[in-house]
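Position 86 of the sequence shown, counting from 1, maps to 86 under full-length UniProt numbering, and the rest follow consecutively. Glycine included, each C-beta is placed from N, C-alpha and C at the ideal position. Just so it is clear, the structure is predicted and the values come from calculations on it, not from any experiment.
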Amino acid sequence: MGTPTGLRTLFLIIPPLVLLLPISIILFALDRLAHAFFIAQAGYSWRASSHTFTFYGPLTTGAPVSEYAYITISMFVNNAATKAYIILSIAGALVATVGMCTVWELRRVEGTARHDRLWAWVGGLLNLIFMGACVGVFGWVTGTQSGEGWKSYEDVSSRFVQRYTRETWVCQIDEFFPRQGWAGKACGVAKATRFLLLVVAFSALLTLVSIAVLVHDRGGVKWLFGGKGRYGGFDNVYEMKHEVSTTYYGSPPQRPMQQQPQAPMQQQHQAPMQQQQQAPIQQPPQAQQIAQPSAVVFK
């Protein structure tokens, strides 16, 4: 498989950049908005250290309008769900940042195997743990709120200490006192915050898929656990590991022999020239015969 192109890298980085990071910020904003709705309408009793609400309605189920009265309720809020939302929203932003860095580092098969494996492990595990945490918190908050709240108007006027989550408080106020228009808005925002956890978890799953695609380009699970990886430009070609030589010498290696310095080139050429000048010039045999005139005898 070839090296990922810029367009392919853009698609792989969309889950952490466009989904996980913004939705984590929206999760934090919705939780703070629901808190603002609640605080804006509630009073605070310093003596009881709780929020107080005063409503006008029946004291018992089915009571006529003539028996309506003002009811002041002390509301103790279970902030465990709110703290979980805030922690998950901050963690989501951090996990999204790590996911973007992981996709960016693994976009090309050019780095060292150890460096790439470290990014793959960190990015994959963080997204997997974060996804499980979001689903777990959603299930825990949903299960907690399903068994709490008012069942009748007698429970509203009960003198027992009532400690519920903020979503339970605003939603049951909207149910039993529908004239409180703010409670309906606050209930909708609180429910949206809780269900947004599933969207955040799905975004983390898509980020994990992006990392898995890049890990597959290098050889899959085998490469992730230390096996040989596949080069980005060639199919079915695996990187070679350099083997370290374990040969040890008993004695230090011998030093190379040094050659004797040679005479300069000028001195080397002078001796043949002197010999050539001292040696007499010998003519060829035919030339000697032609040079000697023949003797003429006169009688």
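Burial is judged here by how many other beta carbons sit within 10 angstroms of a residue's own beta carbon; Gly227 has fewer than 16 and is exposed. Under the rule that a run must span 3 or more residues, the beta strand (DSSP E) segments found entirely inside the segment 6–46 read 43–45.
Proximity of the segment 129–139 to the segment 201–210 meets the contact definition, three or more beta-carbon pairs being nearer than 8 Å. In the three-state DSSP reduction, Ser74 falls in the strand class (E or B).
Judged by their CB atoms, Ala186 and Phe37 are nearer to each other than the 8 Å cut-off. Sixteen is the threshold: when 16 or more other Cβ atoms of the shown chains lie within 10 Å of the Cβ of Ser210, as they do, the residue is buried. No Cβ-Cβ contact shorter than 8 Å links Gly132 with Ser24. Rounded to whole angstroms, the gap between the alpha carbons of Arg218 and Thr9 is 15 Å. Annotated three-state conformation of Tyr68 is coil, per DSSP. Within 10 angstroms of the beta-carbon of Tyr70 lie fewer than 16 other beta-carbons, which makes it exposed.
Residue burial is scored here from C-beta neighbours: His115 has fewer than 16 other C-beta atoms within 10 angstroms and is therefore classed as exposed. When secondary structure is reduced to three states using DSSP, Gly57 falls in the strand class. For Tyr164 and Val170, the gap between their C-alpha atoms comes out near 10 Å. Exposure of Tyr56 is indicated by the presence of fewer than 16 other C-beta atoms within 10 angstroms of its C-beta.
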